[in-house]
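Under our numbering, think of the first position of the sequence shown as 194, with each following residue one higher.
Note that CB positions come from ideal geometry on N, CA and C, so glycine has one too.
Taking it in order: structure first as structure tokens, then the write-up.
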Amino acid sequence: MTNIPTVRGPEQRKKDLLDRLTGEADIWVASASPDGLLYLVPLSFLWDGTDIWLCTRLTNPTGRNLSTGGHARLALGHTRDVVLLGGEVTTFRGEDAPVAAIDAFAAKSGWDPRGSGPAYIWFRVRPTIVEAWHEEPEITGRRLMTDGAWTV
Numbered sequence: 194m195t196n197i198p199t200v201r202g203p204e205q206r207k208k209d210l211l212d213r214l215t216g217e218a219d220i221w222v223a224s225a226s227p228d229g230l231l232y233l234v235p236l237s238f239l240w241d242g243t244d245i246w247l248c249t250r251l252t253n254p255t256g257r258n259l260s261t262g263g264h265a266r267l268a269l270g271h272t273r274d275v276v277l278l279g280g281e282v283t284t285f286r287g288e289d290a291p292v293a294a295i296d297a298f299a300a301k302s303g304w305d306p307r308g309s310g311p312a313y314i315w316f317r318v319r320p321t322i323v324e325a326w327h328e329e330p331e332i333t334g335r336r337l338m339t340d341g342a343w344t345v
């Protein structure tokens, strides 16, 4: 007997993706320095329905890269259930970040960076590309967003 996985349609993939963005606590953040040195770290995040909010110190490599590079690549999941997002990054000092986003981030993550000092900076990642697939049968049709617009 062969176990053939069920291939999700695009609408189901988008629903599953949005559920994961809402429910998961951490996301992998890939960034690069101006001289091409790559960094990959997990950070707590908030999905507000449009953007992904991250917070880290401006003095660490990821904070420096996000603030100067303008782009990031994010990932959820393991190698058999993948979500990849690429997006444009906007940097916010603590006092400039939207209070609603900070409050929601703190409620979701259990950590409020406002109490951790001024070195912590907020980053809004506005997705421009989103891909999701569950194993090889779903590689075709994995693109759910292109140029910031949902294709589903």
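Measure the CB-CB distance between R266 and S302 and report whether it falls below 9 Å. no
Thinking C-alpha only, which one of Y313, L278, L236 and G262 is nearest T243? L278
If you draw a straight line from the alpha carbon of I220 to that of P235, how long is it in whole angstroms? 5 Å
What would DSSP say about G303, mapped onto helix, strand or coil? coil
Along the chain, which unbroken stretches of the beta strand (DSSP E) at least 3 residues long are found entirely within the region 234 to 271? 245 to 250 and 264 to 269
Go ahead and pull the three-state DSSP assignment for G280. strand
Can you list, in chain order, the residues of its chain with a C-beta nearer than 6 Å to that of G310? Leave out the 5 residues immediately preceding and following it. none
Over the uninterrupted beta strand (DSSP E) stretch that includes L337, give me the two end residues. R336 to T339
In whole angstroms, what is the alpha-carbon distance linking Y232 and I314? 17 Å
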